[in-house]
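Residue numbers (my numbering): 7 to 240.
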């Protein structure tokens, strides 16, 4: 489904991603974990067209999308939930959700997908006519994920899902991501919180200073001595 090959990303000559290569199958749930500055977000921004790689290939469903405009990539079936949520505070919850479908023309399917988002996040339906800025931090994260789903993606990329959220909200969001994946949606979760990431995804890649230093099934990574000491505090 997705293959990232020999990817390099630089900012003003400073290398953020150093020849990263990884792939995922249709319907898979993977995570990229690592400390702040490890290169996780730069990889995701390259996949979604928000930054242009210095070098490398990004193949999605047999098409090279490296360097393409973000709107083209969204139409291909990739959606991005950014770090920091970035909702529109003065717009209603429902208006925020519908913005996620701005490239679509299939009005009936859009309404069906809106109902699905409300199924996963009932609180958003309850507050659909309120300004997005009136929601709590956890509810705003739900709104950001819901908005990403409104493009009807085949692959969802989520950057720092857990940032600033209470443990009970994190647990609820993780359960929803697992359900979405079980219903066929491929997901890449980018996380500093390795404990949550490894419990939620099925396969993980560990990044340090722009390099993948370890990869394995998340159950194996959880039992790895290095991961336990460096990321899980065990």
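Heads up, the beta-carbon is just placed ideally off N, CA and C, and yes, glycines get one too.
In this text the structure is predicted, and so the values were computed from the model without any measurement.
In chain order, each alpha helix (DSSP H) run of at least 4 residues that lies wholly inside the region 59-87: 76-82
Runs of alpha helix (DSSP H) lying entirely within the region 131-175, each at least 4 residues, in chain order: 143-155
Residue 58 burial status per 10 Å Cβ neighbour count (16 or more: buried): Residue numbering aside, residue 58 sits at position 52 when the chain shown is read from its first letter. Answer is exposed; the Cβ neighbour count stays below 16.
Contacts around residue 163, its chain only, beta-carbon distance under 6 Å, and the 5 residues preceding and following it disregarded: One-based indexing of the chain shown puts residue 163 at position 157. Same-chain partners within the cutoff: 50, 86, 194.
Inter-residue CB distance, residue 105 and residue 153 (contact presumed, cutoff 8 Å): The sequence position of residue 105 within the chain shown is 99, counting from 1. The sequence position of residue 153 within the chain shown is 147, counting from 1. That pair is a contact at about 6 Å.
Helix, strand or coil at residue 48 according to DSSP, with G and I counted as helix: The count along the chain shown starts at 1 and reaches residue 48 at position 42. Correct three-state label for residue 48: helix.
Beta-carbon spacing of residue 99, residue 130 below 7 Å: For the purposes of this step, residue 99 is taken as the residue at position 93 of the chain shown. For the purposes of this step, residue 130 is taken as the residue at position 124 of the chain shown. Yes, Cβ-Cβ distance for residue 99 and residue 130 is below 7 Å.
Candidates 225, 205, 192, 203, of which the one nearest residue 83 by Cα: The residue labelled residue 83 in the question sits at position 77 within the chain shown. Nearest C-alpha to residue 83: 192.
Whole-angstrom C-beta distance between residue 180 and residue 206, which should lie under 8 Å: Here residue 206 corresponds to residue number 200 of the chain shown, with the count starting at 1. Here residue 180 corresponds to residue number 174 of the chain shown, with the count starting at 1. About 5 Å; that satisfies the 8 Å criterion.
Stretch pair the region 7-17 + the region 28-35: three plus CB contacts closer than 8 Å: yes
Simplified DSSP state of residue 185, which is helix, strand or coil: Within the chain shown, the letter at position 179 stands for residue 185. Three-state result, residue 185: helix.
Separation of residue 166 from residue 142, as counted between CA atoms: Residue mapping note: residue 142 aligns to position 136 of the chain shown, counting from 1. Residue mapping note: residue 166 aligns to position 160 of the chain shown, counting from 1. Taking the straight line from one Cα to the other gives about 17 Å.
For residue 69, the nearest candidate out of 60, 79, 115 (CA to CA): In the chain shown, residue 69 corresponds to position 63, counting from 1. When each option's Cα is compared against that of residue 69, the closest is 79.
Euclidean distance between Cα positions of residue 228 and residue 234: Stepping through the chain shown from its first residue, residue 228 is reached at position 222. Stepping through the chain shown from its first residue, residue 234 is reached at position 228. Their Cα atoms are separated by approximately 7 Å.
Closest residue to residue 203 among 47, 238, 231 (Cα-Cα distance): Taking the chain shown and counting its residues from 1, one reaches residue 203 at position 197. It is 238 whose Cα lies nearest to the Cα of residue 203.
Residue burial classification, residue 145 (beta-carbon count within 10 angstroms, cutoff 16): For the purposes of this step, residue 145 is taken as the residue at position 139 of the chain shown. Burial call: buried.
C-alpha gap between residue 196 and residue 40, whole angstroms: Locating residue 196 in the chain shown gives position 190, counting from the first residue. Locating residue 40 in the chain shown gives position 34, counting from the first residue. C-alpha separation (whole angstroms): 8 Å.
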